Amino acid sequence: MAAGLVATDEFFDLAVQRAAFTGGLGFERESDIVHRCWGDAEKARPVVKAIREKLLAWKPDMVFTGHGVRPNGTEWVEDLLRRSEESLAKSASGVGNK
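Numbering (this note's numbering), first residue to last: 3 to 100.
So, in structure tokens, the structure goes:
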């Protein structure tokens, strides 16, 4: 490992900041975890749960997504979860379903 870079499970500490790498789990605006699971709510639910229990609890300072860096990491994860949970609620109520 490079100086100042320490691996902790799937996460890394960059000097003092906690950085998470989410890849394609969620980007901005309309995209959320349900969208990234091709609209499959049953597949998205355990991902949302893991992100809430593991990543959000870790309180990342920054998040690297597939589209760039989110320097307000914890706020960004909270927003991603909010949008994802709204999509799951719509799915459960039948709103927007074909």
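Built from N, CA and C at the ideal position, the CB exists for glycine as well.
For clarity, every value in this text was computed on a predicted model and none was experimentally measured.
With a minimum length of 4 residues, the unbroken runs of alpha helix (DSSP H) contained wholly in the segment 22-67 fall at 35-38, 43-52.
Taking the Cα of Asp34 as reference, the smallest distance to any Cα among Ser95, Ala91, Gly96 is reached at Ala91. About 10 angstroms separates the beta carbon of Val49 from that of Thr24, a gap too long to meet the 8 angstroms contact definition. Annotated as proximal: Trp60 and Arg20, with beta-carbon spacing under 8 angstroms. Bridge partners of Gly70 according to DSSP: Thr67. Sequence-distant Cβ neighbours of Gly75 in its own chain, meaning closer than 8 angstroms and more than five residues away, are Arg20, Ala21, Ala22, Lys61, Pro62, Asp63, Met64, Val65.
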